Amino acid sequence: MPDLGTDVDAVTDLPDPEELVSGEANVGNALARRLLTPPGAYDEIGDPEPYDSIDIRQWLGKRLTTADLDDLRSQASQVLSQDERVATVAVDAQLTEKLLTLTAEGSGSKGPFRFVLPIDRLTGQLLES
Amino acid sequence: MPFTLSQLVTVLDQASTWSQIVIPELQKRKVRVTDWVVGGVYRAMGYVVSKLSVDAQTIVATYAAALFGDYCFGFVQTPSGIDVTSWAPLVAKQCFGVDRIEATYTVRNITLTNTSTTPQGPLGPGGMIISFPSGNRYILGTGAPDDATSITIPASDSVIAPFRSEFANDSAAGLSYNDASGLTISLVTANFPGVTATNPAPSYSSVSHVGGGIGTVTPSATPSGSHHIAVRIDTQGNTGVATWSTSLDGAAYVTQSNASSITNYGGLGITITLANNGGSPAFLAGDVYYFDTPGSDITTKGRDVETPHALGLRCYATRPMLAFVRDPAGNWVWTSPTINAYEALALLASTQVVVALAQTDGAINNVVRILVASQGGPALPAVVATVQAFLTSRAMLTDRPIVATPVARVVNVAGATVTCKAALIPTAKAAMNREYQAYFSGLDPSNPLSVNPKLEHAVLVELARGTIGVIGFTDTALTIGHDGGSYAAADLQLPITPSTFEMATWSEDVANVFTWVPG
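Have a look at this one:
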């Protein structure tokens, strides 16, 4: 079985004390980080590998149209597909009064997967994954 | 174990720091992270640490390298390539007691003619701005901290006023104020109706005198050519009694016996007249009078800020000068400085001296010839006199330093075809002009030219090829010539006139002398 890797259990901040996570949860964290990292951030720290990412919190705090949500879905799908552990992926974005929820469904090296990323619309805070 | 100097001044790049420091350290600590895919947390932290490590290494290497003169003066490049030459002024002052020579303004005399019946003025520093055809602008005043310039342009008359360059010299930024005399000048400040500005060159410069006699030496008549003349008093007396000699363009002195005046000096149409000016004896032995023909409206030649390389040479030259003896009373006694020390002293004597060359005379015992030049051309007579007085005042027991300035030799380039990226052609032309101007003016620290230099074909090719945007250059087609002719695809060794001292001057535009092809 392919190893999905072990890394620090972190999405928006480092845990204290340090905790590790493995397998599908690790991949879920990695995909979530691709949706919460400004483009070019890894260039700034000198990582030579290309890394596509968006920060969906930049969509928040303003009026989102249907076209904006379509754009968000498209960009999110594109960046998540760059992870080598993802074979196919489609992202849906739903906006309620105070909550933006992204749902990613696809397949990877260990079969199909689904994860949900809800973000509070007013504060841009990740509520749970 | 303490770090070696090589280790301190070597800076690894981030990739090497990652692979040689960070990863081995993590492996040594047996971290359990296995996800090293880009975007991983530990991977990101590792790259942040390696980036911080590179910053720290750079700080250490900078501080360590700057302590060594060879690095901070630019004589040797640091192993990691970091540039610590910005430390040169600090090291020069702290370790050698030498101040860096700062950039200066070019100052010239401008004739302001008023054709109206209304006088204009008084005008103080900054009260008028003029522009030359080159685009260079000059501002009324001398630029000195205590500038007290105040002029009134009288009605239906003219006045001569000092104007200083808008900015201090900075060749790298294209700020060179070597405008010729006799050009068409326009007024930028337009509120002076009837006033025009000109900068005529007199037939002769003013005469600069070194020594204590009050007799005068005056050139007259209509001269031909460009020359530097020195008149030396050999035995004291009044005119008709004092014996004197002349030196043309730095050549050996030739006696004029006790003549009161001579005409057609050197076949150049120059009359030289001695007058007592109320003195008796009017002329003292050893006094020297300097003048040029033609003169210039420039009174002070501006210069760039001293390069780290030049500053370092002056600093290192102070060491030979420390080896002086004391007399029985414990006072330092000047003895014969080394050649390096003479050159360093000449550079100290005047900020307008940027090139100095000392040579013992091949025929006359004890004579040391000191050739001095300013940025972009020979030194003004007043500068030659200043340096001569500076050295003469040291009353060296055995040496006879004789200061002169080389003759300007016009150098030309031609023949080459430059292939350049189309969008970069304008900037490439400007950059190549600056590089060539710096080289011929002796300001290129990698290829410093002095008096009687060899102008190297390979250097000109290298400078052209190194210009941003240039992707092709016909090396073998480049020719070097002088005075508008004698072109050859080879090095050019000065002097052209044997047994003289010459320096190269170049005022062409590569846009016109080379063929430019977009690539």
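Protein sequences, first through last, are from chains A and B. 1 is the number of the first residue of the first sequence in the numbering used here; add one for each residue after it. 1001 is the number of the first residue of the second sequence in the numbering used here; add one for each residue after it. The beta-carbon is built from N, C-alpha and C at its ideal position, and this holds for glycine as well. The structure displayed is predicted, hence computed values, not measured ones.
On the three-state DSSP scale, how would you describe residue i?
i, result
"A:D71", "helix"
"B:W1018", "helix"
"B:S1080", "coil"
"B:T1467", "coil"
"B:L1380", "coil"
"B:G1097", "coil"
"A:D92", "strand"
"B:P1089", "helix"
"B:L1187", "strand"
"B:W1506", "coil"
"B:G1069", "helix"
"B:R1029", "coil"
"B:A1242", "coil"
"B:A1511", "helix"
"B:P1219", "strand"
"B:W1214", "Note that residue 1214 of chain B is Ile in the sequence shown here, rather than Trp. Three-state result, B:I1214: coil."
"B:R1394", "coil"
"B:I973", "Lying outside 1001 to 1519, the shown extent of chain B, residue 973 of chain B is not represented and no answer is given."
Is the shortest distance between the beta-carbon of residue i and the beta-carbons of chain A less than 7 Å?
i, result
"B:K1028", "no"
"B:V1031", "no"
"B:G1046", "no"
"B:T1017", "no"
"B:G1040", "yes"
"B:K1051", "yes"
"B:Q1014", "yes"
"B:T1034", "yes"
Output yes if chain B places a C-beta closer than 7 Å to the C-beta of residue i; else output no.
i, result
"A:F115", "no"
"A:R73", "no"
"A:D52", "no"
"A:R33", "yes"
"A:D47", "yes"
"A:V91", "no"
"A:G5", "yes"
"A:V8", "yes"
"A:A87", "no"
"A:A30", "yes"
Considering only residues of the same chain and omitting the five flanking positions on each side of residue i, which have a CB-CB separation below 7 Å?
i, result
"B:V1217", "V1207, V1231, I1272, L1274, Y1289"
"B:F1132", "D1179, L1183, I1185"
"B:V1461", "F1473, D1475, L1478"
"B:G1121", "I1151, T1152, I1153"
"B:S1446", "none"
Per DSSP, which one or two residues make a beta bridge with residue i?
i, result
"B:K1454", "B:Q1493"
"A:V8", "A:L20"
"B:H1309", "Partner(s): none; B:H1309 has no beta bridge."
"B:V1355", "B:A1373"
"A:G111", "A:G108"
"B:G1279", "Beta-bridge pairing links B:G1279 to no other residue."
"B:V1038", "Per DSSP, none; premise fails for B:V1038."
"B:L1532", "Any property of residue 1532 of chain B remains undetermined from this structure, which presents chain B solely from 1001 to 1519."
"B:T1235", "B:T1243"
"B:C1420", "B:V1470, B:P1518"
"B:Q1120", "B:I1153"
Pull up the CB-CB distance for residue i and residue j, whole angstroms please, since I reckon it's below 8 Å.
i, j, result
"B:G1074", "B:T1058", "Contact doesn't hold; Cβ gap of about 18 Å is too wide."
"B:V1368", "B:R1394", "About 12 Å separates the two Cβ atoms, so there is no contact after all."
"B:F1291", "B:A1349", "About 19 Å; that fails the 8 Å criterion."
"B:A1373", "B:V1355", "4 Å"
"B:V1384", "B:A1404", "7 Å"
"B:V1195", "B:N1114", "5 Å"
"B:A1155", "B:T1198", "At roughly 18 Å, the Cβ-Cβ gap does not stay under 8 Å, so B:A1155 and B:T1198 are not in contact."
Beta-carbon within less than 6 Å of residue i's beta-carbon, same chain only, minus the 5 sequence neighbours each way: which residues are those?
i, result
"A:P15", "D9"
"B:T1255", "S1245"
"B:T1300", "V1107"
"B:H1209", "Y1289"
"A:P92", "It is worth fixing the name first, because residue 92 of chain A is Asp in this sequence and not Pro. These residues qualify, in order along the chain: T103."
Within its chain, find whatever has a CB closer than 8 Å to the CB of residue i; leave out the 5 residues flanking it on each side and keep chain order.
i, result
"B:N1061", "With the sequence shown as reference, residue 1061 of chain B is identified as Ala, and Asn is not the correct amino acid for it. Only L1008, V1009, T1010, V1011, T1078, S1080, I1082 meet the Cβ criterion."
"B:K1454", "D1491, L1492, Q1493, L1494"
"B:I1468", "L1424, T1427, A1428, A1431"
"B:A1103", "A1168, N1169, D1170, G1302, R1303, D1304, V1305"
"B:E1502", "P1406, V1407, A1408, R1409, V1451, N1452, L1494, P1495, I1496"
Selection of the region 1342 to 1367 of chain B by Cβ proximity to chain D, strictly under 8 Å: Judged by its chain identifiers, the structure shown contains no chain D, and its protein chains are A and B.
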